[in-house]
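Data first, discussion second: the structure below is written as structure tokens.
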Amino acid sequence: MPSKRESLNSSDLYKFHRPKLVIRETPHPLKRESKMSKLRSHRALSDSAIRNLASYRAPRLALPFPRSHSAAVLVALFIGRMGDLYVLLSRRATMLRTYAGDTALPGGKVDPEDKTIEDTAVCSSI
């Protein structure tokens, strides 16, 4: 019988531990009024978080990196039906050499035709 070490495929070496999402039910069902107040509270917090992020202006930094080594990601936030704040993520292709199948923010390397890094982030996410 082969040992555990011998039975590993070469593709197993590229698999990383990914925590599993566990959803637990609340021990006591919430009253309807309580659910509605929580919904309003979530929506207000989500609205506030998006407004704060939208008004933030990052300082411009003169980085010594050439454009050919630059990349950008898009952090797309939206509010769900229940007032929860969500972020848009993408799944990387399974055939990539590095981080295959991982979940990531949409984005990528700056292309020569991109005018700004914002263009890169948006174009890479479409």
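Going letter by letter, the sequence shown gives residues 2 to 127 in our numbering. Just so you know, even glycine gets a beta-carbon here, dropped at the ideal spot from N, CA and C. Keep in mind it's a predicted model, so treat the numbers as computed, not measured.
Rounded C-alpha distance that separates cysteine 124 from alanine 55: A direct Cα-to-Cα measurement between cysteine 124 and alanine 55 gives close to 20 Å.
Examine the Cβ distances between the stretch 44-63 and the stretch 91-108 and report whether three or more of them are shorter than 8 Å. No, they do not touch.
Proline 67 to isoleucine 118, Cα distance in whole Å? C-alpha separation (whole angstroms): 12 Å.
Would you kindly report the start and end of the unbroken alpha helix (DSSP H) that includes alanine 1? Missing from the structure shown is residue 1; the chain here goes from 2 to 127 and no further.
Limits of the beta strand (DSSP E) - the one that alanine 73 falls within: Membership of alanine 73 in the beta strand (DSSP E) is indicated by the continuous run 72-74.
Supposed contact pair alanine 77 and leucine 89 - C-beta distance, whole angstroms, cut 8 Å: Taking C-beta atoms under 8 Å as the contact rule, leucine 89 and alanine 77 qualify, at a distance of about 4 Å.
DSSP beta-bridge partners of isoleucine 80: Isoleucine 80 is bridged to Leu86.
Which value, in whole angstroms, describes the spacing of the CA atoms of arginine 44 and methionine 83? Cα atoms of arginine 44 and methionine 83: separation of roughly 7 Å, rounded to the nearest angstrom.
Continuous beta strand (DSSP E) stretch holding glycine 102: start and end: First-last for glycine 102: undefined, no H or E at that position.
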